[in-house]
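Which chain is which? The protein sequence lines are A and B, in order. Going by this note's numbering, the residue at position 77 of the first sequence is 77; the numbering climbs one at a time, nothing skipped. Position in the second sequence (from 1) plus 1000 gives the number in this note's numbering. From the three backbone atoms N, C-alpha and C, an ideal C-beta is built for every residue, glycine too. Please read these numbers as outputs of a predicted model, since none were measured by experiment.
There are 2 protein chains.
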Amino acid sequence: MGGDQAPGAIVAGAVHAVRAGLSVLLVGDEAQLAPLIPRGVSLPIQHAAEVIGMDEPPVAAVRRKKGASISVALQAVAEGRAAGAVSCGSTGAAMASALFRLGRIPGVSRPGVSAVVPRVDGGQLVLLDLGANVDCRPEHLALFALMGHCYAVAGQGLTAPRIGLLSNGHEAGKGNEQVRAAEGLIRALPVNFIGQIEPTEAFRGGCDVLVCDGFVGNVMLKTVESTAEVVSRLLKEEIVRYTAGRLGAWLLQGALRRFRKRTDYAEFGGGLLLGVKGVVVIGHGRSDSGAVFGAIQQASQLASHGIVAQLEQTMAAASAAEG
Amino acid sequence: MGGDQAPGAIVAGAVHAVRAGLSVLLVGDEAQLAPLIPRGVSLPIQHAAEVIGMDEPPVAAVRRKKGASISVALQAVAEGRAAGAVSCGSTGAAMASALFRLGRIPGVSRPGVSAVVPRVDGGQLVLLDLGANVDCRPEHLALFALMGHCYAVAGQGLTAPRIGLLSNGHEAGKGNEQVRAAEGLIRALPVNFIGQIEPTEAFRGGCDVLVCDGFVGNVMLKTVESTAEVVSRLLKEEIVRYTAGRLGAWLLQGALRRFRKRTDYAEFGGGLLLGVKGVVVIGHGRSDSGAVFGAIQQASQLASHGIVAQLEQTMAAASAAEG
C-alpha cells in the first residue's frame, strides 16, 4: 500500500514477479488490490485494514495501528510464511515494525539501512547507514562494517568485499573524531578493510562497501539522486538548444531512455534493513512496476542466499572474538 | 604553481584575464613562468622560490617554507598590492597561509571554505563549510550561516538569500544532535533562515545557501563530482551501443561538449575562503585555463563587491546584538 504509485505499480510489479516464477503474497486492502490482479495470475492477498503514511511518526504509528500493512507483512516473515518483505512506504515505519515483529539479530545494537549505487568503473557500491542512525558512536560504524560485509557477500556474491570508511580523504590526519576512532575498531574486525576513503575514490571503484553514519549517508544518497537530476536537466537543455541537437536527440532517443532508466535511482530496487531477523527491502517511494519487480527479486535473492543466517554467524563470531 | 596543469594552465588563464581587462600579478618560479607569457602581454611576476605540495601537512609546510608561492601571494593581498588571490594548490595550505598572513575577521572563530554548485531549477547553491572544519559545534554552523549570507549577497547579488541547514529531512525530529542545536542558534540571527532542508529540496531550489559541517560538506561536494562522472559515463555507454546512437552522437557533439563543460566541476571557478581578511579563491586541482580565468574573475568580483568589509560589518552587528 506504500509508494507514490501504490497500489497500482506495486501489484503490477508483483504480477511481473509471479510471471517470472516467484511466489508473492500481497498484503493490504483487499477491496483495492483484488481488482488489480489479472485473471489467471496466482497472487494471494492477505488483508490489512490500515496503512501508515509517510509523515506519521513511525514508532507511534506502528504501536497504534496493529493492522497496518507493513506490520501484517512483517508478521508473515516472522512466522515463516514469507521469506522476506518488500515495502515502498515509510522506511521509518518499516524499521519500527521490523524491530517489533522480527527483532534484532543478537549483537546488533543498531540495525541499519543500506542501498546499492553504481560506480564509475561499472561496479556497485554498497552504502550504509543511510538514515536509521543519525547520531552514531564509533562502535556503530564498526557494526555497519560487519553488516555491510555480509550484504556484499550474500547480495553481491563477493568473497572478500573491500570495506571503506567514508571520509574527506585517506591521508593521515583526515577524518573527523568519529571516523578516526572507528578506523581502529574496524581494523580489528575480520573484514577486508581498506581504511578511510573519500567519495571520489569510492565511486571510482576503490571499495565495495562504504561505511558511514546515518546522517552523512542519508545526505550522500540524496545528493547522488539530486546530482543525477541536475546533470540530466543540463543535458536536456544543451540538446534542445540547436536543431542539429534536436535531430541528434531524435536519433538518440533509445539511448537517452535507457540512460534515464539507469540513472533513476528508483530503478535500483531498494534499500535493505540490516540487523533485523528477516529480509526487509525498502523500495523508493517513486518506484514504478519495474522497480517493484526489482525489489522483489532482490528480496528473493537475499533470502535464498541466507543473509540473515550469515549475519547471525558473523555477529556470533565477532562477539566470541571479543571474548 | 599549484594544480595538475600548473604552471601552463595557470599562466594561460592569467593571460586570458589580462586580455579581458583585469590586472594580474603572477607569483611563482620566475624561470618557469616567464617563458610562458606571450610577447606583448603585461603580466608581472613576483618570484617565489618554494612550492607547497598537495600532500604536505599544511600548517607545518606554511611555517617552514616562508617563500612558498601561496604565502608570497597572500602577503601581496595583506599589503594591498593585490585585491585578492587565486590558488589551484592545496586548500589546507591556502587556509594556513591566509590565517598567518591575513588573519581572521573579528568574531570569526572558524574560517570556512565555500563553493557554488548548480541547482536543478537553473539557480546556484552556495555550500559551506566544505572541509576546513571537520568537527563542528553548533555555534560554528551558525557562523557559517552568517558567512554564507554575506557570500550570497556580495558574490551572487542576492538581497535576502534563503539560508538552509543541511539535514536528512525537514520534519520535526529530523537532524542529528548537532543540527538540531544549530537550528535554534541560526533562528536568532539576522538572516533569512528557512530551517532544516534535505539535499533533494536544496538542489531543486529550496534555498540559496546550504550550511553544514565541514566533514559532511566535503563528502557532499565530492559526491556531486563523482555522481556527475558516473552519470556521464552511463550516458556515453548508452550512446555508443547502437549505430543510430552513434549517428545521433555525431549530430549531438556540440551539445555533449557543452554538457561536459557545464557538469565538470573544475569549470565552476573555485571555492572561497570565508572569514579571513582578504579574498582567497581556491580553484579545483584539475583546473584548465578556462577554469583559472573563471576563478580570477570570481576573485575580482568578490573584491570589488567588498565581501570582506561586508563580513566585518555583519560580524560586528551580530556581536553587538549578542550584547
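{"Check": "If you drop the 5 nearest sequence neighbours on each side, which residues of the same chain put their C-beta closer than 7 Å to that of residue 216 of chain A?", "Outcome": "166"}
{"Check": "How about residue 1177 of chain B: is its C-beta nearer than 7 Å to some C-beta of chain A?", "Outcome": "yes"}
{"Check": "Using three-state DSSP, classify residue 218 of chain A as helix, strand or coil.", "Outcome": "helix"}
{"Check": "Would you tell me roughly how many angstroms separate the C-alpha atoms of residue 171 of chain A and residue 1055 of chain B, rounded to the nearest one?", "Outcome": "8 Å"}
{"Check": "In three-state DSSP terms, what is residue 1094 of chain B?", "Outcome": "helix"}
{"Check": "Could you have a look at residue 1005 of chain B and say whether DSSP puts it in helix, strand or coil?", "Outcome": "coil"}
{"Check": "Is residue 1233 of chain B close to chain A, meaning its C-beta is less than 7 Å from at least one C-beta of that chain?", "Outcome": "yes"}
{"Check": "With a 10 Å radius around its C-beta and 16 neighbouring C-beta atoms as the bar for buried, classify residue 41 of chain A as buried or exposed.", "Outcome": "exposed"}
{"Check": "How many angstroms separate the CA atom of residue 319 of chain A from the CA atom of residue 186 of chain A?", "Outcome": "14 Å"}
{"Check": "What does DSSP give as the partner residues of residue 1114 of chain B in its beta bridges?", "Outcome": "B/1128 and B/1272"}
{"Check": "Straight-line CA distance for residue 38 of chain A to residue 295 of chain A?", "Outcome": "21 Å"}
{"Check": "What are the boundary residues of the beta strand (DSSP E) that includes residue 1185 of chain B?", "Outcome": "Run containing residue 1185 of chain B: none in the beta strand (DSSP E); it sits in the alpha helix (DSSP H), 1177 to 1187."}
{"Check": "Might you give, ordered along the chain, the residues of its own chain that have their beta carbon closer than 8 Å to the beta carbon of residue 202 of chain A, omitting 5 neighbours on each side?", "Outcome": "119, 125, 164, 166 and 210"}
{"Check": "Expressed to the nearest angstrom, what Euclidean distance is found between the alpha-carbon atoms of residue 108 of chain A and residue 1180 of chain B?", "Outcome": "27 Å"}
{"Check": "Would residue 1054 of chain B count as contacting chain A if we go by Cβ distances under 7 Å?", "Outcome": "no"}
{"Check": "Below 8 Å CB to CB, which residues in the same chain sit around residue 178 of chain A once its five sequence neighbours on both sides are set aside?", "Outcome": "136, 137, 138, 141 and 213"}
{"Check": "Would you identify the three-state DSSP class for residue 1019 of chain B, choosing helix, strand or coil?", "Outcome": "helix"}
{"Check": "Beta-carbon of residue 1068 of chain B versus every beta-carbon of chain A: anything under 7 Å?", "Outcome": "no"}
{"Check": "In terms of alpha-carbon separation, which member of B/1113, B/1208 and B/1027 lies closest to residue 1122 of chain B?", "Outcome": "B/1208"}
{"Check": "Using 8 Å as the Cβ pair cut-off and three pairs as the minimum, do the segment 140 to 156 of chain A and the segment 1099 to 1117 of chain B touch?", "Outcome": "no"}
{"Check": "Quick one: any contact between the segment 88 to 104 of chain A and the segment 269 to 281 of chain A, if contact means 3 or more CB pairs under 8 Å?", "Outcome": "yes"}
{"Check": "For residue 1228 of chain B, which residues in chain A fall below 7 Å Cβ to Cβ?", "Outcome": "227 and 231"}
{"Check": "Could you tell me which uninterrupted beta strand (DSSP E) segments, each at least 3 residues in length, are contained entirely in the segment 10 to 71 of chain A, listed from first to last along the chain?", "Outcome": "26 to 28 and 45 to 47"}
{"Check": "Please confirm whether residue 1266 of chain B has its beta-carbon closer than 7 Å to some beta-carbon of chain A.", "Outcome": "Legend: pLDDT at residue 1266 of chain B = 46, less than 50; position of this residue unreliable, value from coordinates given subsequently. False, the Cβ-Cβ gap to chain A never drops below 7 Å."}
{"Check": "Please confirm whether residue 302 of chain A and residue 155 of chain A have their CB atoms less than 7 Å apart.", "Outcome": "yes"}
{"Check": "Report the rounded CA-to-CA distance for residue 266 of chain A versus residue 1083 of chain B, giving the unit in angstroms.", "Outcome": "Unreliable positioning characterises residue 266 of chain A in this predicted model, as indicated by a pLDDT of 46, which lies under 50. The coordinate reading is nonetheless provided below. Each residue's alpha carbon lies about 48 Å from the other."}
{"Check": "In the DSSP assignment, find the unbroken beta strand (DSSP E) run with residue 1281 of chain B in it and report its ends.", "Outcome": "1279 to 1283"}
{"Check": "Please confirm whether residue 1168 of chain B and residue 133 of chain A have their CB atoms less than 7 Å apart.", "Outcome": "no"}
{"Check": "Helix, strand or coil for residue 104 of chain A? Go by DSSP, reduced to three states.", "Outcome": "strand"}
{"Check": "Please state whether the Cβ-Cβ distance between residue 1175 of chain B and residue 1196 of chain B is less than 7 Å.", "Outcome": "yes"}
{"Check": "I need the DSSP call for residue 86 of chain A, collapsed to helix, strand or coil.", "Outcome": "strand"}
{"Check": "By how many angstroms is the C-alpha of residue 1281 of chain B removed from the C-alpha of residue 1299 of chain B?", "Outcome": "6 Å"}
{"Check": "From residue 18 of chain A to residue 11 of chain A, what distance separates their C-alpha atoms?", "Outcome": "10 Å"}
{"Check": "Residue 1311 of chain B lies in the beta strand (DSSP E); which residues open and close that run?", "Outcome": "Not the beta strand (DSSP E): residue 1311 of chain B falls in the alpha helix (DSSP H), residues 1307 to 1322."}
{"Check": "On the CB-based measure, 16 or more other CB atoms within 10 Å of its CB, does residue 1101 of chain B come out buried or exposed?", "Outcome": "buried"}
{"Check": "Check whether the Cβ atoms of residue 1027 of chain B and residue 1014 of chain B sit closer than 7 Å, and answer yes or no.", "Outcome": "no"}
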